[in-house]
Amino acid sequence: MALYSFWIFDRHCNCIFDREWTLKTNPSSGTTNSKLNEDTAKLLYGMVFSLRSISQKLGSKGSFNEIRTIATGKYRAHILCTASGLWFILLSDLGQEDLSQVLRYLYSEIYVKTVVYNWLSPVDFADSPNERRGQGFRKIRNRQFLLAVEKFLGPMVN
Amino acid sequence: MSASMSGNTASSSSSKKSLKAFSDDIWKNKTAKINAELFTLTYGSIVSQLCTDYERDFAKVNKQLYSMGYNIGVRLIEDFLARTALPRCDSLAKTSEVISKCAFKIFLNVTPQIGNWSSNKDSFSIFLDENPLSEFVELPMDAARELWYSNILCGVLKGALEMVQMDCDVYFASDVLKGDQTTELRVKLNKILKDEIPAGED
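Top to bottom, those sequences are chains A and B.
In this text, residue positions in the first sequence follow my numbering: the first is 1, and each later residue adds one.
In this text, residue positions in the second sequence follow my numbering: the first is 1001, and each later residue adds one.
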């Protein structure tokens, strides 16, 4: 099993968290909330956004059709979109068929408990209208959140 | 029950029974219980403190309760979605059902009746036969005219619905505490907000 990276986007199209692992052998390698990943984040957002609109168009009217995974020749992206507009995305190797339970856990046990229940942390990461529509720069920096993510995903990195 | 399975149960075209069974299961198995009286009394102390702070200017108390509720609602919706894994509702009828059968059940263990639909189906009422917030409450004379004791609920609904892109007006139409026959919460949909798209894409 190998995880390559983990991303969270909010409903303002901003990347509010990114974690990229560079060495399979070392779960603490890589970057967290890196400026260098800004462009990658935008491209990833665009890819999911487009495929998501396609999947919803192709679904029969009225029923719900949310995208779950996208596979390429090298990796698989696992996606959880919540009704409130948050996207949780995990990139893994092709061996991983379904990480939806992992994404659910990240949302309900980690994000909800360390960000949403934490009243001193914002839940909306766009402070003003000109930080919306993908132009925001704020990230989740809660220590509890960062620790919990490392602890939970670390063992799955290689 | 796995999250993906429960997601399917809930989305399988809204048969009333399944949504109820689904909510009962979450209430029974996934929700920590607390003493209802402690909750009622805590809320009572908040309202009474606000009445003191605003020198019994009940219009201001209503407003403050509403904005406190709003702040709770925008967070509570994430908790709700994490627990239920429900997708967005495709109609207001579905929304009303989820609110009464699922949200009120999970958070307050009551299932209020929905009714009083407007002719164009853009507003409905929630009839709270039981209201855990006002269990032991009697309003004094001066408060009975203006104070909406449970106004925090309006704010919660407003905030939570806004986070799923529904811009609504939520207000109390009547309250048994004021001598009315029923406690009626009115929800009026103004518009469905558009999902944002990145700048430069439109």
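Quick reminder that beta carbons are idealized off the backbone N, C-alpha and C, glycines included.
Where residue i falls: helix, strand or coil (DSSP)
i                : result
E150 of chain A  : helix
R1186 of chain B : strand
K1030 of chain B : helix
I1197 of chain B : coil
Y111 of chain A  : helix
N1008 of chain B : Model confidence at N1008 of chain B stands at a pLDDT of 41, short of 50, so the residue's coordinates are unreliable; what they give is reported in the following sentence. Note: N1008 of chain B maps to helix in three-state DSSP.
L3 of chain A    : strand
Through-space distance from residue j to residue i, alpha-carbon basis
i                : j                : result
K1121 of chain B : L1189 of chain B : 9 Å
M1005 of chain B : W1117 of chain B : Note that M1005 of chain B scores 38 on pLDDT, short of 50, meaning its location in the model is unreliable; the coordinates nonetheless yield the value given after this. Looking at the two C-alpha atoms, the distance is approximately 32 Å.
S1023 of chain B : A1082 of chain B : 13 Å
G1200 of chain B : E131 of chain A  : 14 Å
W1148 of chain B : G154 of chain A  : 50 Å
S1231 of chain B : R11 of chain A   : Not covered by the structure: residue 1231 of chain B. The range shown for chain B is 1001 to 1202.
G134 of chain A  : F9 of chain A    : 9 Å
L99 of chain A   : H78 of chain A   : 6 Å
L1139 of chain B : S1150 of chain B : 12 Å
S1012 of chain B : R1145 of chain B : For S1012 of chain B, the predicted structure reports a pLDDT of 41, less than 50, and the residue's modelled location is therefore unreliable. A value from the coordinates is still provided. Approximately 45 Å, taken between the alpha carbons.
E1196 of chain B : E1162 of chain B : 14 Å
L1157 of chain B : L1065 of chain B : 12 Å
T31 of chain A   : C1051 of chain B : 50 Å
S1174 of chain B : I1192 of chain B : 26 Å
L1086 of chain B : N1109 of chain B : 18 Å
Y105 of chain A  : A1143 of chain B : 46 Å
C13 of chain A   : C1089 of chain B : 21 Å
V1074 of chain B : V1170 of chain B : 15 Å
L103 of chain A  : D1057 of chain B : 47 Å
G1044 of chain B : E66 of chain A   : 42 Å
N142 of chain A  : D127 of chain A  : 17 Å
R76 of chain A   : Y107 of chain A  : 19 Å
| task | Could you tell me whether the stretch 1096–1104 of chain B touches the stretch 119–136 of chain A, using the rule of 3 or more Cβ pairs below 8 Å? | result | Contact between the stretch 1096–1104 of chain B and the stretch 119–136 of chain A is absent, because fewer than three Cβ pairs lie under 8 Å.
| Residues in the stretch 65–81 of chain A having any Cβ partner in chain B nearer than 7 Å | E66
| request: Using a Cβ-Cβ cut-off of less than 7 Å, give me the residues of the stretch 1148–1180 of chain B that come near chain A, in sequence order. | output: M1163 and V1164
| request: Can you check the stretch 8–94 of chain A for any alpha helix (DSSP H) of at least 4 residues that lies completely inside it and give the ranges in chain order? | output: 38–58
| request: Scan the stretch 1054–1083 of chain B for residues whose Cβ lies nearer than 8 Å to a Cβ of chain A and list them as they occur along the chain. | output: V1074, R1075, I1077, E1078, D1079, L1081, A1082 and R1083
| field | beta strand (DSSP E) segments (min. 3 residues) lying fully within the stretch 1068–1129 of chain B | value | 1113–1115 and 1123–1127
| Using 8 Å as the threshold, is the stretch 138–153 of chain A in touch with the stretch 1067–1075 of chain B, meaning 3 or more CB pairs across them? | no
| said: So within the stretch 1135–1181 of chain B, which uninterrupted alpha helix (DSSP H) runs reach at least 4 residues, ignoring any that extend past its ends? | reply: 1141–1146 and 1152–1163
| query | Residues in the stretch 124–154 of chain A with C-beta within 8 Å of chain B's C-beta atoms, listed in sequence order? | reply | D124, R132, R133, G134 and Q135
| Residues within the stretch 2–21 of chain A neighbouring chain B, beta-carbon criterion of under 7 Å | Against chain B - using a Cβ distance shorter than 7 Å - the residues of the stretch 2–21 of chain A are R11, H12 and C13.
| query | If we count Cβ pairs, one from each stretch, closer than 8 Å, do we get three or more for the stretch 52–69 of chain A versus the stretch 1020–1040 of chain B? | reply | no
| message | Going residue by residue through the stretch 120–148 of chain A, where are the continuous beta strand (DSSP E) segments of at least 3 residues, counting only ones entirely within it? | response | Runs found: none.
| said: Counting only Cβ-Cβ distances shorter than 7 Å, please list the residues of the stretch 104–123 of chain A near chain B, keeping chain order. | reply: Under the 7 Å Cβ criterion, the stretch 104–123 of chain A contributes R104, Y107, S108, V112, V116 and V123.
| Residues of the stretch 84–96 of chain A with Cβ closer than 9 Å to any Cβ of chain B, in chain order | S84, G85 and L86
| query | Does the pairing of the stretch 105–113 of chain A with the stretch 1075–1091 of chain B give three or more beta-carbon distances under 8 Å? | reply | Enough Cβ pairs lie closer than 8 Å, so yes.
| With a cut-off of 8 Å, do at least 3 Cβ pairs link the stretch 1088–1095 of chain B to the stretch 1121–1136 of chain B? | yes
| message | So if I threshold CB-CB distances at 8 Å, which residues from the stretch 1026–1056 of chain B count as touching chain A? | response | none
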